[in-house]
Structures are given as C-alpha cells and as structure tokens.
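In my numbering, the protein residues as written are -17 to 272.
Below: one structure, written as structure tokens.
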Amino acid sequence: MSRLFCFGLGYCGQALARVLTDAGWQVAGTTREEESRVDLDRFGYHAHLMSRDRPLADGGAAMGGATHVLVSVPPDAAGDPVLDLCGAEVAALRGLRWLGYLSTTAVYGDHGGAWVDETTQPRPSGERGRRRLAAEQGWRALARGSGLPLHIFRVAGIYGPGRSPLDAVRQGRAVRIDKPGHVFSRVHVADLVDALLASMTQPSSGAIYNICDDEPAPQAAVIEYACALLGVAVPPTVPFEAAPLSPMARSFYDDNKRVANRRIKDDLGVRLLYPSYREGLAAILAAETR
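Pasting the structure below:
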C-alpha cells in the first residue's frame, strides 16, 4: 500500500491527504499543535507533534513504511527544522519512491516584472527567499549524498476555499494596493495538488517545478474581481507606501516577476483547473452556494 508522510499537515498537506485517502492511501504526518493533532487523528491521519523545540521521539518509526514524503514546513531563522531534525532518518528510509519539498517562487527575487522559469538563476531579495533557497540547497545536498528521489516545487501564492480574496472581502480586510506595474503569480490549491499527484505518478529525481497559474496579475485586480463576484463595492485604493501591511505581507512586494509554468504542463501533463484567479474565485463561490 502507498503511504504518504507529510511534514506539516497544514492547508496544502491536508488538501493532498484528502485526495490520497480517497484513493486508498495511508497518510501520516506532523503538526505543531495538540488541537490540530486531535483533529487530524479524527480525520484518519496519524499525526505526530513536531517542532524544532519538540522533535519526533522516533522519526524512523513515525515514517516507517512511507513510500512518499512531502516537506511543507517552512524554514526558520536556524534553518530547515525537518532537514536538521529528521534528514538522516528520511535518507535512511527503504522503499521511498518520492520526496517532495515545497519551496517558494520568492527564491527568484525581483526581476522587474519579467518572466522567470526553472532555468532562471535564483537570487532572492528578501529573508524569506534566502531561507527557502538555503533549505533547497540543503535537501539537494542530502539527496546527492544518499540517492533520495528529491523533487522541488517552487510554489506561487496559494489560495483556495476558506483562504481566498473572497474571505478577505467578506471580513473587511481587503484593500486595493496601488503599486504601478507590480504583479503576483498565484495558484489554486487544487492545481497545486494535481501537480504533486502528477509528479508522484511519474517521478523524476532532481526535478524542479514552478507551480502557478497562467496569469500573473496585480493585487488590486484580484480584489476588484472578488468584489464583483460578491456584488459589493470595491474598497478604496491605497498607495503601497501607506498600505496597512504587516512586515511579512510587505515583504511580498519586494519582488516583481511573472512566473512561467510550462514545465508542469510539458513534463507532467498538468492541465490547470483554474488557469487564472477568475476561474478559481468563481469556482470557490459556486461551491459555497451549493
């Protein structure tokens, strides 16, 4: 039987787990909070508490029998906690057919709105991107030394049910930020899951894939479309310099680039369910009304 062990059974990990369990897979993984662990166990996932301060008591036993491993835990200031605490145990797994690492398109840095693809040399401009690139390099070094079937996924901004601009508009959190010429790439969580499944079906050790939709777009355009779907007035435009953004949110505006996704289509045969934010948001709202 195929078995996934997911370091970080959060929003994306659970989306993948739901599809796999429906297909008869066993799924286990980690979470940071006891409340989340209880909920995950209720859903049928064997969840283990793990953080840098609370490592797995026996990672080898927890992952035992895993045929596939996904790492979706972000690095911290000290590095990648999964690599640091469990890298050797991952490398020692027998029968592992696929190892996926969820990275970010922030590793490419700022390109002034130009297109980037997987052949573009990473040059992260912020701390978040630098940490992710260091984590990528750490996993690649481990894979070279141990023969791990590593696949790296550089993921754009993720949205989906319960985590989309529709929610921000309803909750009164949405603002239209005016930063001329700036665009973001994004991806619906269902398309991220499809890309991961396609890679699991046809592993290519050492591969790097960008995961994003076809249409990079300004943040303001996405908020305007969400408001149109909900039939509400758009919020006022706020200059970027005056926007009420947290330091983390503001850091996302350091980079301006258009991310190309041709490789997942050509190499994995992925056909996006939601090629732009318009199809994605409309589908979320339609599902809610049903």
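Beta carbons are placed, not taken as given, at the ideal position from N, Cα and C, and that holds for glycine.
Since the model is a prediction, treat every value here as computed from it, not as a measurement.
Other residues of its chain near residue i: CB distance less than 6 Å, five sequence neighbours each side excluded
i	result
His170	Gly142, Tyr256 and Gly262
Gly41	Cys68 and Glu71
Gly47	Arg(-15)
Val53	Phe(-11), Val64 and Tyr83
Coil, strand or helix - residue i by DSSP
i	result
Cys194	coil
Tyr27	coil
Asp35	coil
Thr87	helix
Pro221	strand
Gly(-10)	coil
Ala156	coil
Thr3	helix
Asp58	strand
Thr13	strand
Arg253	coil
Arg105	coil
Spatially closest choice to residue i from the options, by CA coordinates
i	options	result
Arg0	Ser167, Arg34, Val175 and Ala189	Val175
Tyr90	Val241, Leu227 and Ala60	Val241
Asp160	Arg260, Asp66 and Pro217	Pro217
Gln184	Arg36, Pro104 and His50	His50
Val204	Ser85, Asn192, Thr3 and Arg260	Arg260
Leu(-9)	Trp7, Ile246, Gln8 and Arg19	Arg19
Glu109	Lys247, Gly251 and Ala231	Ala231
Distance between beta carbons of residue j and residue i, contact taken as under 8 Å
i	j	result
Val151	Val214	7 Å
Pro63	Ala88	Actually they are not in contact, since the Cβ atoms of Pro63 and Ala88 sit about 19 Å apart, beyond 8 Å.
Leu84	Cys(-6)	7 Å
Element boundaries [alpha helix (DSSP H), containing residue i]
i	result
Ser359	This structure cannot settle anything about residue 359, because the visible part of the chain is limited to -17 through 272.
Leu249	The residue you asked about is not Leu; residue 249 is Asp in the sequence shown. Taken as a continuous stretch (DSSP letters only), the alpha helix (DSSP H) holding Asp249 covers Arg244 to Leu250.
Arg79	Counting along the chain, Arg79 falls outside any alpha helix (DSSP H), and DSSP gives it neither H nor E.
Val72	Pro63 to Ala73
Leu52	Careful: Leu52 lies outside any alpha helix (DSSP H), inside the beta strand (DSSP E) at His50 to Val53.
Residue i - containing beta strand (DSSP E), residue span
i	result
Gly41	Taken as a continuous stretch (DSSP letters only), Gly41 belongs to no beta strand (DSSP E), being part of the alpha helix (DSSP H) at Gly41 to Met45.
Tyr141	Gly139 to Tyr141
Val216	That residue, Val216, is in no beta strand (DSSP E); it is neither H nor E in DSSP.
Val169	Arg168 to His170
Any non-hydrogen atom of the ligand MG within 8 Å of residue i CB
i	result
Asp40	Looking at this structure, you won't find the ligand MG or any other ligand, since it has none at all.
Sequence-distant residues of its chain with Cβ nearer than 7 Å to residue i (five each side left out)
i	result
His164	Pro200, Tyr235 and Asn238
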